[in-house]
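J.: The structure is given below, and queries will be raised subsequently.
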Amino acid sequence: MRARLVLLGSKGGPAIRPGGPSPTSSLLEIGGRTVVVDCGLGVTRGLTDAGVSLKALDLIFITHLHSDHVLELGPLIHTAWTAGLATTVRVFGPPGTRDYWHGFLQAMKFDIVIRVIDEGRPDLRQLVDIVEFAEGPVLAEGDLAVSALRVDHPPVTDCFALRFDHAEASVVFSADTAYFPPLADFADRADILVHEAMLTEGVDRLVARTGNGARLKEHLLASHSFAGEAGAIATAAGVGRLVLHHLIPADDPEITHAHWTAATRKSWTGALTIASDGLVVELADESSA
63 MRARLVLLGS KGGPAIRPGG PSPTSSLLEI GGRTVVVDCG LGVTRGLTDA
113 GVSLKALDLI FITHLHSDHV LELGPLIHTA WTAGLATTVR VFGPPGTRDY
163 WHGFLQAMKF DIVIRVIDEG RPDLRQLVDI VEFAEGPVLA EGDLAVSALR
213 VDHPPVTDCF ALRFDHAEAS VVFSADTAYF PPLADFADRA DILVHEAMLT
263 EGVDRLVART GNGARLKEHL LASHSFAGEA GAIATAAGVG RLVLHHLIPA
313 DDPEITHAHW TAATRKSWTG ALTIASDGLV VELADESSA
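Every letter in the sequence shown is one number past the one before it in the working numbering, and letter 61, counting from 1, is 123.
The structure is reproduced here in structure tokens:
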């Protein structure tokens, strides 16, 4: 297994539109581990399109419980189970993740029970281990270490950036956050910083086509980062590559990669990737750079 980052879903926010990208999810293959970060709508198809065997699911991390990050967690695991999953999947998430999972199991109780009886499958309810975490160390296993930093995403208080450290590479996911300078220390010298981003010129057009435009704009400005702010964090952290992810807006035909690049270059001169669904970043190229 080659070490790689795959941006499965690149859109910020839960709504999907014809021909547009999917909400946020990522695949990190590192140290022989299959790691999923966030499970927005479309994560299951994204993983299979990336060549991942669903029955090999290993570790899943949820940064926070907004629907565009967790909506398809249950369906992903259930679909993996119907594809032959027979080993334990560990899910790491903020407080409330266990409630989500138990609610999903209750909603799917009939299907799960009947498939165990009729198809001889192992009991899905015994194949998932939920670990709720807070700020600090999350996992240390073999050569892989995972840590979390609480970021600024009001009104959500339990929203966490995640750092994955391994000999092959170090990768940091900002999660959803307003401009948050402590994130630079958390991402210090990482090979890759995956940071959410907004574009000023796209926000007004985005809120104009929603029914709650004024309130949505208020939320976006208080809880998310502009591309130039992501660039400032990357510069302060001295990372190897900045990946703009969870793009807002991601489906505006008037917004191109050139717009994202121009906004980011005001504060970041290093290697830059603009996310799109299915885009692959090879970690070997980053750690040896």
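Glycine included, every Cβ here is placed at the ideal spot set by N, Cα and C. Note that the structure is a prediction, hence the values are computed from the model and not measured.
Going by C-alpha distance, which of L345, G81 and T110 is nearest F226?
T.: L345
J.: If you count every other CB in all the chains shown that lies within 10 Å of the CB of V175, and 16 or more means buried, which is it?
T.: Exposed is the call here.
J.: Once DSSP output is grouped into helix, strand and coil, what is the label at L268?
T.: Helix.
J.: Consult DSSP for G74 and reduce its assignment to one of helix, strand or coil.
T.: coil
J.: So what does DSSP say about S209, is it helix, strand or coil?
T.: strand
J.: Could you have a look at G104 and say whether DSSP puts it in helix, strand or coil?
T.: Assignment of G104 by DSSP, reduced to helix, strand and coil, places it in the coil class.
J.: With a Cβ-Cβ cutoff of 9 Å, do G71 and D339 count as a contact?
T.: yes
J.: Span of the alpha helix (DSSP H) holding E280?
T.: G275 to S285
J.: Could you have a look at D339 and say whether DSSP puts it in helix, strand or coil?
T.: Here D339 sits in coil by DSSP.
J.: Out of S87, T331 and M260, point me to the one whose CA is closest to H8's CA.
T.: Lying outside 63 to 351, the shown extent of the chain, residue 8 is not represented and no answer is given.
J.: State the Cα-Cα distance for the pair S350 and L283, rounded to the nearest angstrom.
T.: The pLDDT assigned to S350 is 42, lower than 50, so where the model puts this residue is not dependable, and the model offers no usable value.
J.: Are there 16 or more other CB atoms within 10 angstroms of the CB of E291, so buried, or fewer, so exposed?
T.: When all chains shown are included, E291 counts as buried.
J.: In this structure, does DSSP put R152 in helix, strand or coil?
T.: strand
J.: Check S350 in the structure and name its three-state DSSP category.
T.: At S350 the pLDDT is 42, less than 50, meaning the model places this residue with poor confidence; the figure from the coordinates comes in the next sentence. Annotated three-state conformation of S350 is coil, per DSSP.
J.: Taking only runs of the beta strand (DSSP E) that begin and end inside the region 135-193, which ones reach a length of at least 3 residues, in chain order?
T.: Segments of the beta strand (DSSP E) lying fully in the region 135-193: 151-155.
J.: G155 to A223, Cα distance in whole Å?
T.: 11 Å
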